[in-house]
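2 protein chains.
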Amino acid sequence: MLEATISGIGELDSGAMAEAQSRQDQLTKPQGSLGMLEELSIRLAGIFGKTIPPLGKKVVIVMAGDHGVVEEGVSRFPREVTPQMVLNFLRGGAAINVLARHAGAEVRVVDVGVATEVSGPGLIVRKVRNGTANMTRGPAMSREEAVRAIEVGIEVALEEIDKGALYLATGDMGIGNTTPSSAITSVLVGEDLELVTGRGTGLDEEARLAKVEVIRKAIALNEPDPGDPLDVLSKVGGLEIAGIAGVILGAASRRRPVVIDGFISAAGALVAAALAPSSQAFMVASHLSMEPGHRVILDKLGLRPVIHADMRLGEGTGAALTFFLLEAAAKILAEMATFDEAGVSGPVGE
Amino acid sequence: MLEATISGIGELDSGAMAEAQSRQDQLTKPQGSLGMLEELSIRLAGIFGKTIPPLGKKVVIVMAGDHGVVEEGVSRFPREVTPQMVLNFLRGGAAINVLARHAGAEVRVVDVGVATEVSGPGLIVRKVRNGTANMTRGPAMSREEAVRAIEVGIEVALEEIDKGALYLATGDMGIGNTTPSSAITSVLVGEDLELVTGRGTGLDEEARLAKVEVIRKAIALNEPDPGDPLDVLSKVGGLEIAGIAGVILGAASRRRPVVIDGFISAAGALVAAALAPSSQAFMVASHLSMEPGHRVILDKLGLRPVIHADMRLGEGTGAALTFFLLEAAAKILAEMATFDEAGVSGPVGE
């Protein structure tokens with residue numbers, strides 16, 4: 036299924052993009068003056084294959100999973116917070132619920148690997164295993180489990196698209212998950228581990244340096260192969276990161292834009308891009324996280340975030356806000372008057 | 036009226052801010068992890084004097100005026116575009132109309148100094164004079180006219196607040212208006228003119244350097260006093276910039292947040308802050324413009340923009356988008372569950 040999905044990812048529609056660019060240049064504003072809103076509108080045209088991108092149902096898919104490496108003290112919060120927050124999502128009390136409602140988006144919560152039993156109305160249970168193993172003692176999971184977790188993401192994305200989702204976004208929940216995200220970033224980008232490891236939910240500098248050493252130990256022990264994204268994902272990754280990669284691949288295979296939330300989602304995007312470079316064209320950046328590894332991944336993927344708000348929560352919070360900006364971009368193309376229609380003069384001498 | 040408005044501007048409510056901060060720290064997320072959304076929510080609490088800031092009517096006030104200095108070739112667009120765009124605003128076809136509708140905001144358009152007659156349904160006509168004079172040959176306007184244009188802004192803001200506006204934003208229309216904005220910025224901030232003068236609607240580098248020389252000539256001729264904001268505004272400013280300063284002062288005097296759009300609005304904010312330093316606490320930054328002077332002003336005023344989208348259109352477009360983020364900030368305080376309510380564990384050992 037993974038292979039079929041990857042091979043099903045197409046290219047942007049260059050004809051629709053050219054028409055969208057031409058329309059942007061006729062709208063009543065100096066050419067290019069709406070900056071990234073114009074760029075986004077043109078990419079949406081290319082993704083949907085329509086000069087005027089459609090508006091419609093928006094869904095944030097939040098992948099939840101646990102991490103054996105929390106035994107090493109890499110997070111300020113205890114592991115039990117993962118299922119507690121899953122229940123908070125189901126009841127509508129978390130930040131992602133508030134921001135998704137504000138953006139007019141729906142939230143889906145997927146248990147792809149929470150360590151304990153968790154259930155509640157609306158929870159999509161596709162648990163691949165009860166959390167990852169402690170990666171400082173061996174691989175986080177098997178290669179087969181990593182593939183299965185990606186496929187969970189693909190399946191959920193395709194189900195949501197079949198039910199009408201036009202715009203997708205990724206989100207995450209998993210205590211300790213900046214640790215595997217930093218590991219993946221360091222290995223797949225080839226960047227110094229120290230520069231891509233941050234304070235997570237609020238470590239002090241001493242604890243951050245200890246976290247760097249935990250990751251260094253895990254990488255030294257497992258020897259992930261930078262040329263093999265599934266090897267990296269299984270050895271030093273996470274189940275929800277795999278699920279996020281799957282959501283991205285699934286969305287791209289059906290020509291849907293997928294908004295990448297923060298650092299954890301970007302680690303999933305890095306895996307997706309390594310598996311299927313053609314998926315990058317369907318990714319939309321959201322905010323710039325305080326986690327230093329986030330910018331490193333966005334630069335690698337050629338993605339630029341519009342929102343700079345010092346956020347570092349995850350859950351899909353930055354992505355939900357970005358839905359509003361994507362819709363704004365589409366509406367500019369759909370609703371603005373042209374110079375001709377409005378009787379407005381163009382630049383002198385042109 | 037100007038003096039009374041200035042003296043009517045109060046301070047933020049520190050009690051409401053402390054309560055809002057305390058509530059933020061109990062919500063189900065790592066403390067501070069929503070970054071600037073948290074900061075904005077707390078400032079809104081201080082502005083409205085309520086722990087949970089109210090939501091309600093949002094209005095973008097677009098000030099339109101013309102500039103005699105366009106005779107010097109400082110803009111790519113002809114002066115007639117100012118009234119043409121005013122009509123486009125009234126018909127709902129401009130970018131600000133699209134983005135304000137998307138944000139659920141209303142748009143008011145004020146002719147505070149368009150050079151020619153313009154009329155249409157909904158236009159607020161408060162013309163102080165038919166555009167400014169060419170500031171390379173003398174002052175752009177008299178001190179009395181500058182005060183009157185500020186008072187127009189105050190009046191319109193107070194009228195909108197009386198009609199129920201809770202959130203205000205500034206916008207501008209005026210061919211050539213980056214030229215007086217750069218002049219004001221250079222004089223009031225004391226920054227090198229060349230570093231605060233940009234390409235406007237799309238000048239090439241040669242034309243930009245010519246624009247710098249035009250402004251340099253105007254400053255040398257008029258000798259605006261950096262310690263007297265009304266002197267600066269009248270000699271090298273603009274009528275819509277004065278109107279924007281007035282909107283800000285009016286909003287602050289009634290304890291309403293006012294979102295500052297891009298470079299032209301920021302020049303108005305700089306004047307407002309020089310006249311009434313207490314008004315700064317009521318200003319909210321929106322986007323970071325491509326115009327280099329914009330960042331200089333924001334730094335001077337201690338304002339940080341959330342949206343980084345290479346925009347350079349004005350009209351209030353960045354401010355309209357920012358309404359959505361302000362509402363998101365308020366809703367976080369209003370709607371998120373606390374750790375206690377959700378049964379979520381806090382950090383280990385705390």
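Going line by line, the protein sequences match chains A and B.
Residue numbering for the first sequence follows this note's numbering, starting at 36 and increasing by one per position.
Residue numbering for the second sequence follows this note's numbering, starting at 36 and increasing by one per position.
From the three backbone atoms N, C-alpha and C, an ideal C-beta is built for every residue, glycine too.
A distance of 8 Å or more separates the beta carbons of B/LEU125 and B/GLY148.
Inter-residue distance for B/PRO382 and B/LEU193 is about 47 Å (C-alpha atoms, whole angstroms). The alpha-carbon of B/THR352 is positioned some 7 Å away from that of B/ALA130.
Within 9 Å of the CB of A/GLY237, the CB atoms of chain B belong to PRO65, GLN66, GLY67, SER68 and PRO382, in sequence order along the chain. Rounded to the nearest whole angstrom, the CA to CA distance from A/SER154 to A/LEU122 is 8 Å. Scanning the segment 264-332 of chain B for uninterrupted alpha helix (DSSP H) segments of 4 residues or longer gives 264-271, 274-288 and 298-310, listed from N- to C-terminal end. A/ALA286 has its alpha-carbon roughly 14 Å from the corresponding atom of A/MET36. Under the three-state reduction of DSSP, B/LYS93 is assigned to strand. DSSP, reduced to helix, strand and coil, places B/VAL145 within a strand of the structure shown.
By the rule that beta-carbons nearer than 8 Å mark a contact, B/ASN169 does not touch chain A. Bounds of the alpha helix (DSSP H) holding B/THR117 are 116-126. Considered as a whole, the segment 132-195 of chain A harbours 141-148 as its complete beta strand (DSSP E) runs of no fewer than 3 residues, in chain order. At least one beta carbon of chain B lies nearer than 8 Å to the beta carbon of A/ASP345.
The C-beta distance from A/LEU361 to A/PRO292 rounds to 7 Å, short enough to meet the 8 Å contact threshold. Within the same chain, Cβ atoms closer than 7 Å to the Cβ of A/ALA309 are found at LEU223 and PRO264, the five residues on either side in sequence being excluded. Annotation for A/ALA363: LEU72 place their beta carbon closer than 7 Å to its own, counting only its chain and skipping 5 residues before and after.
The straight-line gap separating the alpha-carbon atoms of B/ILE41 and B/LEU284 is approximately 7 Å.
Proximity of chain B to A/ASN123 at the Cβ level (cut-off 7 Å) is accounted for by THR63, ALA372, ALA377 and VAL379, in chain order. Put simply, the segment 299-306 of chain A touches the segment 212-219 of chain A. At least three CB pairs are less than 8 Å apart. Residue environment for B/GLU275: buried (at least 16 other C-beta atoms within 10 angstroms of its C-beta).
Taking the Cα of A/LEU230 as reference, the smallest distance to any Cα among A/MET325, A/ALA311, A/ASP296 and A/GLY378 is reached at A/MET325.
Check the Cα spacing between B/VAL294 and each of B/ALA181, B/ILE342 and B/GLY225: the tightest is with B/ILE342. Between the alpha carbons of A/ARG290 and A/ILE82 lies a gap of roughly 6 Å. Between A/THR236 and B/SER68, the gap from beta carbon to beta carbon is short of 8 Å. For B/ASP207, the enclosing beta strand (DSSP E) stretches over residues 200-208. Taking A/PHE374 as the centre and dropping the five residues before and after it, the same chain places the C-beta of GLN61, THR63 and GLY381 closer than 7 Å to its C-beta, in chain order. At a cut-off of 8 Å between beta carbons, B/GLY273 makes no contact with chain A. Interface criterion met: the Cβ of A/LEU134 is under 8 Å from a Cβ in chain B. By the neighbour-count definition (other C-beta atoms within 10 Å, threshold 16), A/ALA253 is a buried residue. At least 8 Å separates the beta-carbon of A/VAL144 from that of A/GLY281.
Between the alpha carbons of A/LEU348 and B/ALA242 lies a distance of about 45 Å.
For A/SER49, the number of other beta carbons within 10 angstroms of its own is below 16, and it is reported as exposed.
If you check the CB distance, B/ASN165 and B/ALA184 do not come in under 8 Å.
Contact annotation: B/PRO89 and B/LEU201 have beta-carbon atoms nearer than 8 Å. Separation of the CB atoms of B/ALA138 and B/PHE317 is rounded to 19 Å, and the pair is thereby denied contact status at 8 Å. Taking the C-beta atoms as reference points, A/GLY199 is found nearer than 8 Å to A/GLY91.
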